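Take the sequence shown: its letters are residues 1 to 583, numbered as in full-length UniProt numbering. Below is one structure, written out as structure tokens; the observations come after it.
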Amino acid sequence: MPKDKRNKKGGKFKKTEPEKKEDEIIRKPLSKEKVDKLLNMEENLAGFLFGNDSRPIEQKEPVYEMDGPDLVDSMIMSDDEESSDEEVADSFYIDTKPNELENQDVEDDEEEEKDAPQQKKITHIPLPPAWTDVHTEELYISVDKDADDASIAQSYLSRKVDENGGISGTDYEHKMRELYNKMHPTPHWAVLPISQTKRETEDEIIYREVILVESKQEQDAFSKLQRSTAELVDITSSFLPKTLLQYSNMTDGNVQSRGRDLSCIKFHPTSNIVLASTTDFKIKLFAIDGRENPLVENFDFAGSGLNKLIQTHWSADGKEIYTLSEKDRNFMVTDLSTGSTKRIVSVFTNTTRSKMKGSVLHKQEITSMCVSPDNETIAVTTTGASVKFLSRSTKFVVSEYQENFNILCMTFSYDGKYFFTSGASGMVSMYDVKEKKMSHMFQDYGSTRTTSIALSRDGKYVATGDANGVVNVYEWDVLTKNKQPKPVKIILNLTTAITSLKFNFDSQLLAFASNEKENSYRLAHVPSFTVYSNFPNKNFIKKGLDSAGMIATDIDFNDRSDIFAVASGTRLLMYSFDYYNKK
Numbered sequence: 001m002p003k004d005k006r007n008k009k010g011g012k013f014k015k016t017e018p019e020k021k022e023d024e025i026i027r028k029p030l031s032k033e034k035v036d037k038l039l040n041m042e043e044n045l046a047g048f049l050f051g052n053d054s055r056p057i058e059q060k061e062p063v064y065e066m067d068g069p070d071l072v073d074s075m076i077m078s079d080d081e082e083s084s085d086e087e088v089a090d091s092f093y094i095d096t097k098p099n100e101l102e103n104q105d106v107e108d109d110e111e112e113e114k115d116a117p118q119q120k121k122i123t124h125i126p127l128p129p130a131w132t133d134v135h136t137e138e139l140y141i142s143v144d145k146d147a148d149d150a151s152i153a154q155s156y157l158s159r160k161v162d163e164n165g166g167i168s169g170t171d172y173e174h175k176m177r178e179l180y181n182k183m184h185p186t187p188h189w190a191v192l193p194i195s196q197t198k199r200e201t202e203d204e205i206i207y208r209e210v211i212l213v214e215s216k217q218e219q220d221a222f223s224k225l226q227r228s229t230a231e232l233v234d235i236t237s238s239f240l241p242k243t244l245l246q247y248s249n250m251t252d253g254n255v256q257s258r259g260r261d262l263s264c265i266k267f268h269p270t271s272n273i274v275l276a277s278t279t280d281f282k283i284k285l286f287a288i289d290g291r292e293n294p295l296v297e298n299f300d301f302a303g304s305g306l307n308k309l310i311q312t313h314w315s316a317d318g319k320e321i322y323t324l325s326e327k328d329r330n331f332m333v334t335d336l337s338t339g340s341t342k343r344i345v346s347v348f349t350n351t352t353r354s355k356m357k358g359s360v361l362h363k364q365e366i367t368s369m370c371v372s373p374d375n376e377t378i379a380v381t382t383t384g385a386s387v388k389f390l391s392r393s394t395k396f397v398v399s400e401y402q403e404n405f406n407i408l409c410m411t412f413s414y415d416g417k418y419f420f421t422s423g424a425s426g427m428v429s430m431y432d433v434k435e436k437k438m439s440h441m442f443q444d445y446g447s448t449r450t451t452s453i454a455l456s457r458d459g460k461y462v463a464t465g466d467a468n469g470v471v472n473v474y475e476w477d478v479l480t481k482n483k484q485p486k487p488v489k490i491i492l493n494l495t496t497a498i499t500s501l502k503f504n505f506d507s508q509l510l511a512f513a514s515n516e517k518e519n520s521y522r523l524a525h526v527p528s529f530t531v532y533s534n535f536p537n538k539n540f541i542k543k544g545l546d547s548a549g550m551i552a553t554d555i556d557f558n559d560r561s562d563i564f565a566v567a568s569g570t571r572l573l574m575y576s577f578d579y580y581n582k583k
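Okay, here's the thing in structure tokens:
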């Protein structure tokens, strides 16, 4: 800096500016030591930036160093001043021109890149989700990021909003999951051991995430436990209690459509729809919900020439209804998909007519009918003790055979292979439907008139009921090997003819009833063969009914056995079983 000078009289300081020449820079040569040091520094810097093959900087002119105030002035420049390229060029320059060897290396590298095989595409497939909500893509969420009470989540979601200020359901789920994982990281014990499998094709390498399982035992015992929200302890019993039956009374199933008495009831094979026929030539369909039980369909056969409706059946797939009236040679088929009803007149064919005398032929009527569980066959019995099998699809007779007793009851085995009949003699016949031959016959224990028969779905038991109210339960293995088998259990709770006999779907309950005496229906616990003493509730049955009491004309379980129905007069009593409701 310029020095201040005092005047001779000791006055104030005065600043004197040194004389400068415009654009003049004072230079003096550097020493050889400093030049070598600078060249060495530049060489190291070039090696760091451009590699070790960089050459040292070539000095074109002597390098000078600035001294005094000129050095400071040249380092500090105002914003509007610019250093000229000529001044920099006068100092030194870096020779970056590649030599011939470098050019050759670059050309070789380019040729190698052209000759090298094309790099394969790499695809990563993450672990698939446990489940996907199909409605997520249909959602659209509005996000108000400027609201006073906007939450952290709203602020976070606002980054993904579209021009309408909303976000799609998929993006919403992704962002909220991302936010949650940041705030609540997955604990170490819940982290799945994930590995990757590699599969390579001609143009692609696929990496797929899979769960790493150390052993099958570990997967079954520990890994499944961690990936489930199920209760660790099952508080429900695996078996139906045998002492007391827990149940509740439901709303009358026929409360929406009072009319004539109910003659027959059947639950739909897969839903809580009850099919009920009445004595005034009507078929009603009720949707059982336990509260209102609305009437969903009503078919009126009045004026169709039918007599009293005595039987109604579902097809095994629940798409057709078969109706049989009293003293009729034909039966009716109702197609639920179209609502149309037609009469089946093919039961007594010309072949049958030629085999029988005319006087006998005119007396023949259909007395009963049954549909096989495999939905293949319809069986009908006639007054002449004849059994005819019709194809369910064509409704034409495909086979028939003659019994030597008056048939009072019949049923199919659950697989549809065998057809059982019994009647006035107490004999039970077992006919092979596929082979079209009699397979076995046995005498119902202590019975001279068997009025009902039922088979369990698990194929273990056959139950029969006789005219004296006795129910015999046989084991399948014993029954098929003996002509006079002994029942595993004899139930003596009723005193009049057993007219209804049903096993439930898991074969733990056996329902039996008589339409000859009031309040005559019971439930038996099959594994222990004990009859429930608290069912039915006598006080509930008599409450609100007429003095004649309640006659059970028909009974049935729904497909899950959580509802049990009893038809009595115009009423359709409904019971709900707690055990099956919890399953």
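Each residue gets a CB set at the ideal place from its N, CA and C atoms; glycine is no exception. Since the structure is predicted, the reported quantities are computational estimates derived from the model, not experimental observations.
Classified as buried, Ser277 has 16 or more neighbouring CB atoms from the shown chains inside 10 Å of its CB. Under the DSSP definition of a beta bridge, Phe503 partners with Leu510. Looking at Thr341, Lys388 and Leu275, the one whose alpha-carbon comes closest to that of His313 is Leu275.
Nearest to Leu494 by C-alpha distance, out of Thr480, Lys481, Asp477 and Ala467, is Ala467. Collapsing the DSSP output to three states places Leu45 in a helix.
By the Cβ test, the segment 441-455 is not in contact with the segment 516-536, since fewer than three Cβ pairs between them sit closer than 8 Å. With a cutoff of 8 Å on beta-carbon distance, Ile491 and Ser514 are scored as not near each other. If you look at Glu200, you'll find it in the beta strand (DSSP E) that goes Ile194 to Glu200. For Met427, the enclosing beta strand (DSSP E) begins and ends at Met427 to Asp432. Ser576 is a Cβ neighbour of Tyr247, given a cutoff of 8 Å. Within its own chain, the residues whose Cβ lies closer than 8 Å to the Cβ of Asp506, once the five positions on either side in sequence are excluded, are Arg457, Asp458 and Ser561, listed in chain order. Taking the C-beta atoms as reference points, Gly165 is found nearer than 8 Å to Ser142. The DSSP assignment places complete beta strand (DSSP E) segments of no fewer than 3 residues inside the segment 275-328 at 282-287, 295-300, 309-314 and 320-325, in order along the chain.
Around Glu475, the same chain offers Val488 as residues with beta carbons nearer than 6 Å, after the five sequence neighbours per side are excluded. Counting the other Cβ atoms within 10 Å of the Cβ of Asn330 gives 16 or more, which makes it buried. By alpha-carbon distance to Phe419, the top candidate from Ile378, Pro536, Lys395 and Asp444 is Ile378. A straight line joining the alpha-carbon of Phe512 with that of Asp556 spans about 10 Å. DSSP, reduced to helix, strand and coil, places Tyr532 outside both helices and strands of the structure shown, so it counts as coil.
Here Ile283 really is in contact with Phe299; their C-beta atoms are around 4 Å apart, less than 8 Å.
The C-alpha of Ser413 lies about 30 Å from the C-alpha of Phe281.
Going by beta carbons, Asn472 and Thr464 fall inside the 8 Å limit.
Boundaries of the beta strand (DSSP E) harbouring Met574: Arg571 to Phe577, taken from the DSSP string. As DSSP reads the structure, Ser337 sits in no beta bridge. The segment 387-405 and the segment 441-450 do not touch, with fewer than 3 CB-CB distances between them shorter than 8 Å.
In the structure shown, Leu39 falls within a helical segment according to DSSP collapsed to helix, strand and coil. Sequence-distant partners of Ile366 (beyond 5 residues in either direction) whose C-beta falls short of 8 Å from its own C-beta, in its chain, are Leu324, Asp328, Arg329, Asn330, Phe331, Val347, Val380, Thr381 and Thr382. With fewer than 16 other beta carbons inside 10 angstroms of its own, Ile125 counts as exposed. Taking Leu245 as reference, the option from Val566, Pro536, Met550 and Thr570 with the minimal CA-CA separation is Pro536.
By the Cβ neighbour-count rule, Gln119 is exposed, with fewer than 16 other Cβ atoms within 10 Å of its own. With respect to Glu326, Ile344 sits apart: the two C-beta atoms are not nearer than 8 Å.
Between Thr450 and Asn558, the alpha-carbon positions lie close to 26 Å from each other. Its Cα nearest to that of Ser257, the residue Arg571 stands out among Tyr579, Arg571, Lys583 and Lys582.
In this chain, His174 is not harboured by any beta strand (DSSP E); it is covered by the alpha helix (DSSP H) spanning Gly169 to Met183. For Val471, the uninterrupted beta strand (DSSP E) segment begins and ends at Val471 to Glu475.
Per DSSP, Lys266 is one residue of the beta strand (DSSP E) stretching across Leu262 to Phe267. Spatial neighbours of Phe503 in its own chain (CB-CB distance under 6 Å, excluding positions within 5 residues in sequence) are listed in chain order as Ala454, Ser456 and Leu510.
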